[in-house]
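First the structure, in the form of structure tokens, and then the observations on it.
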Amino acid sequence: MAKDQVKGRTMESQNATVKPAARPARRSRAGHGSWQAEKSHLMRMHILDATMKCLVNIGYSQTTTEKIAKQAGVSRGAMTHHFKSRAEVFNAAAEHITDIRVKEYDEAIRGVTQKSGTFPTAENMRDTITTLQSYYMKPSFLAFQELVRGARTDEQLQEVMGPLENSLDERMSQSMVTRFPIWADEDLREVGEALRDLIMHSLQGVAMNPAPYLQGDRLERLHGLLVETAMAQFERVYQARQQQVVAT
Numbered sequence: 043m044a045k046d047q048v049k050g051r052t053m054e055s056q057n058a059t060v061k062p063a064a065r066p067a068r069r070s071r072a073g074h075g076s077w078q079a080e081k082s083h084l085m086r087m088h089i090l091d092a093t094m095k096c097l098v099n100i101g102y103s104q105t106t107t108e109k110i111a112k113q114a115g116v117s118r119g120a121m122t123h124h125f126k127s128r129a130e131v132f133n134a135a136a137e138h139i140t141d142i143r144v145k146e147y148d149e150a151i152r153g154v155t156q157k158s159g160t161f162p163t164a165e166n167m168r169d170t171i172t173t174l175q176s177y178y179m180k181p182s183f184l185a186f187q188e189l190v191r192g193a194r195t196d197e198q199l200q201e202v203m204g205p206l207e208n209s210l211d212e213r214m215s216q217s218m219v220t221r222f223p224i225w226a227d228e229d230l231r232e233v234g235e236a237l238r239d240l241i242m243h244s245l246q247g248v249a250m251n252p253a254p255y256l257q258g259d260r261l262e263r264l265h266g267l268l269v270e271t272a273m274a275q276f277e278r279v280y281q282a283r284q285q286q287v288v289a290t
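What the sequence shown shows, in our numbering, is residues 43 to 290, in sequence order.
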């Protein structure tokens with residue numbers, strides 16, 4: 043199953059098929075906001091979707107307001123009306139992409155099953171790792187990473203990205219704990235955090251540097267090693283629990 047999901051290492055991001063933000067149903071003029079305000083909001087979302095697509099296709103350094111406007115199919119005037127500067131559109135795009143990443147993560151782990159109150163099995167972990175590898179292949183991940191790279195030399199963007207990176211990590215952790223409460227157990231918390239860091243950064247590395255040789259069986263073996271490492275740590279925690287039970 044894992045091989046089929048990553049076979050060919052054909053990344054979604056190569057085609058930069060960015061799904062537009064969900065559009066709310068049209069409100070009446072007597073509603074909570076005017077139709078003009080709603081149109082303005084929809085246009086902002088459209089421009090931010092175009093910004094994400096530019097970040098994936100041409101990178102942070104090449105993405106300008108002119109190119110974003112062209113990608114969005116709007117005039118320079120319309121672009122300037124909503125975002126006065128390149129910095130302003132990037133700041134808004136960073137928050138927009140962060141929200142997308144959290145939503146995609148929630149959707150991804152919803153398909154992973156684990157018996158309540160038990161340690162993950164090897165099958166659980168393999169399914170999780172395969173699912174997360176696909177999650178990191180999405181265009182939104184590369185767009186977010188382009189902004190992270192840009193923030194290294196852009197102090198203003200760095201002020202925005204730092205808190206957003208922390209927020210993304212916290213929101214993903216909370217989503218995982220909500221879905222699988224056992225990860226919040228005191229004796230599993232530190233081990234779980236270390237395993238999560240190891241797995242996430244390994245899968246991110248594969249997504250960011252799609253080497254042609256790291257696919258198929260070789261990628262499967264990498265995933266398998268991550269599973270074995272996780273299971274060994276779970277066993278260690280389980281044995282420690284058993285010793286505590288015997289001691290009491």
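Every residue gets a Cβ at the ideal spot worked out from N, C-alpha and C, and that includes glycine.
Every value quoted in this text rests on a predicted model; they were computed, and no experiment measured them.
Would you tell me roughly how many angstroms separate the C-alpha atoms of residue i and residue j, rounded to the nearest one?
i, j, result
"Y147", "D239", "15 Å"
"T290", "Y280", "16 Å"
"T105", "N133", "13 Å"
"S76", "R86", "16 Å"
"P66", "T93", "With a pLDDT of 47 at P66, under the threshold of 50, the predicted position of this residue should be treated as unreliable, and no value is reported."
"R260", "L267", "11 Å"
"T160", "W225", "10 Å"
"Y178", "A274", "25 Å"
"T195", "D141", "24 Å"
"S82", "D91", "14 Å"
"S127", "T107", "7 Å"
"Q216", "Y102", "30 Å"
"M214", "T220", "10 Å"
"T52", "V287", "Low confidence applies here, because T52 scores a pLDDT of 43, under 50, leaving its location unreliable and the question unanswered by this model."
"V233", "A120", "50 Å"
"E235", "E207", "16 Å"
"E201", "Q78", "32 Å"
"E80", "L210", "27 Å"
"R278", "R118", "60 Å"
"K112", "M203", "25 Å"
"Q246", "E137", "20 Å"
"G258", "Q285", "41 Å"
"L256", "E212", "30 Å"
"P223", "A164", "18 Å"
"D262", "H123", "One detail in the question is off: residue 262 reads as Glu in this sequence, not Asp. Rounded to the nearest angstrom, the two C-alpha atoms are 49 Å apart."
"L84", "S244", "36 Å"
If you measure between the beta carbons of residue i and residue j, is that distance less than 8 Å?
i, j, result
"V154", "T173", "yes"
"A114", "I139", "no"
"V98", "A185", "yes"
"V269", "I171", "yes"
"M250", "Q187", "yes"
"L230", "A272", "no"
Pull up the CB-CB distance for residue i and residue j, whole angstroms please, since I reckon it's below 8 Å.
i, j, result
"F125", "V131", "4 Å"
"Q156", "N166", "5 Å"
"R15", "H265", "A query on residue 15 cannot be resolved here, the shown segment of the chain reaching from 43 to 290 and no further."
"P205", "F276", "Contact doesn't hold; Cβ gap of about 33 Å is too wide."
"A129", "Q198", "6 Å"
Take residue i as the anchor and find which of the options has the nearest alpha-carbon.
i, options, result
"R283", "L237, D227, M242", "D227"
"A150", "K95, K180, P162, T271", "K180"
"I100", "R152, E137, G192", "G192"
"C96", "D169, L189, I171, H123", "L189"
"S182", "A135, T163, A120", "A135"
Which residue marks the beginning of the alpha helix (DSSP H) containing residue i, and which one marks its end?
i, result
"D211", "197-221"
"M94", "77-100"
"T140", "128-151"
"D229", "228-250"
"R194", "Premise fails: R194 is in no alpha helix (DSSP H) and is neither H nor E."
"Y280", "258-289"
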